Amino acid sequence: MPLLPSRAALTALAYQLGPSRYYQPAYRFIAADVGTEQGCFLDVGTGTGWLAIHVASGRREVDAVGIDTSDAMLHYAEANKRGRLNVTFRKMSASDIVYPERTFESAAAVQSAHHWAEPGPIFAEVHRVLVEGGRFYVYEADPESAVPADWIDRRGGFPPDALVRRQWAKFGMDAARWAELRAVAEASPFGPDVADERHGFYRRLVCTK
Ligand SMILES: C[S@@+](CC[C@H](N)C(=O)[O-])C[C@H]1O[C@@H](n2cnc3c(N)ncnc32)[C@H](O)[C@@H]1O
1 MPLLPSRAAL
11 TALAYQLGPS
21 RYYQPAYRFI
31 AADVGTEQGC
41 FLDVGTGTGW
51 LAIHVASGRR
61 EVDAVGIDTS
71 DAMLHYAEAN
81 KRGRLNVTFR
91 KMSASDIVYP
101 ERTFESAAAV
111 QSAHHWAEPG
121 PIFAEVHRVL
131 VEGGRFYVYE
141 ADPESAVPAD
151 WIDRRGGFPP
161 DALVRRQWAK
171 FGMDAARWAE
181 LRAVAEASPF
191 GPDVADERHG
201 FYRRLVCTK
């Protein structure tokens, strides 16, 4: 057993204690918009699991699945779900999803796409596992956007605007990278009909099968 925690373990701990707590309102807003009332929902790059948890909360007819490549993130996702039976987390790459075709009614990826070295196979895989008419929502923070008061839970002035803006600039996508991602989505099996919208302080692509 290593004496020092790995970089991945420290990153996951920082995420669990920071964004994963103060973005709770954002997860709720997004879950209300991208979830499904029944059937299966896929959270791509689930991290600490909150989008999947909120989509499944209070909806007994829904099964939410969160996938991620990071053991450290999935450790916290399992802890956060607190035994909910309709939420499942699995270690899996979004470019190789081990679910059959047409498993999911809806799918979303929040703040994960900036990690994707090759987004093309990910759009193709999510398209494969969605039902006809199903939607894949891809959210990334917009560094140009203002801090929306009600999308962030602030306690004792934390997080300050300056920190939030720095995080967006670091982890969000600038206009050029966003345009590249959109072009990949349009060239994927989702086809050219990809909507490019704003939701809160995020940009999102809405890809319909
Ligand atoms: C910044 S975190 C966001 C987590 C969560 N979606 C949220 O909004 O709190 C990005 C996550 O995407 C995951 N990720 C990146 N590439 C992935 C891939 N190809 N397949 C699955 N997960 C991936 C990372 O491991 C990380 O946990």
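Numbering (my numbering), first residue to last: 1 to 209.
Note that beta-carbon positions come from the ideal geometry of N, C-alpha and C, so glycine has one too.
For clarity, every value in this text was computed on a predicted model and none was experimentally measured.
Residue i CB to nearest heavy atom of ligand 1 below 7 Å
{"i": "P19", "result": "yes"}
{"i": "M73", "result": "yes"}
{"i": "D68", "result": "yes"}
{"i": "V44", "result": "yes"}
{"i": "A242", "result": "The structure shown does not extend to residue 242, since the chain is modelled only from 1 to 209, so the question has no answer here."}
{"i": "Q167", "result": "no"}
{"i": "S57", "result": "no"}
{"i": "I122", "result": "yes"}
{"i": "T88", "result": "no"}
{"i": "W116", "result": "yes"}
{"i": "G35", "result": "no"}
{"i": "Q111", "result": "yes"}
{"i": "A9", "result": "no"}
{"i": "A141", "result": "no"}
Alpha carbon of residue i to alpha carbon of residue j, nearest angstrom
{"i": "R102", "j": "R155", "result": "42 Å"}
{"i": "F171", "j": "R60", "result": "34 Å"}
{"i": "D196", "j": "G133", "result": "17 Å"}
{"i": "A107", "j": "G157", "result": "33 Å"}
{"i": "R28", "j": "S57", "result": "10 Å"}
{"i": "L17", "j": "A124", "result": "33 Å"}
{"i": "E118", "j": "M173", "result": "15 Å"}
{"i": "V164", "j": "Y22", "result": "10 Å"}
{"i": "A187", "j": "R203", "result": "19 Å"}
{"i": "I97", "j": "T69", "result": "11 Å"}
{"i": "T208", "j": "L4", "result": "45 Å"}
Cβ separation of residue i and residue j, assumed to be a contact under 8 Å, to the nearest whole Å
{"i": "V62", "j": "G35", "result": "7 Å"}
{"i": "T46", "j": "F104", "result": "So it is not a contact: roughly 13 Å between Cβ atoms."}
Spatially closest choice to residue i from the options, by CA coordinates
{"i": "V138", "options": "A94, A12, L10 and G157", "result": "A94"}
{"i": "A149", "options": "P25, A12 and P119", "result": "P25"}
{"i": "G39", "options": "K209, V131 and F201", "result": "V131"}
{"i": "D193", "options": "A169, R135, P159 and A162", "result": "R135"}
Q. Does the count of Cβ pairs from the region 108-124 and the region 143-158 closer than 8 Å reach three?
A. no
(Q) Would the region 43-63 count as touching the region 73-80 if we require 3 or more Cβ pairs under 8 Å? (A) Yes, the region 43-63 touches the region 73-80.
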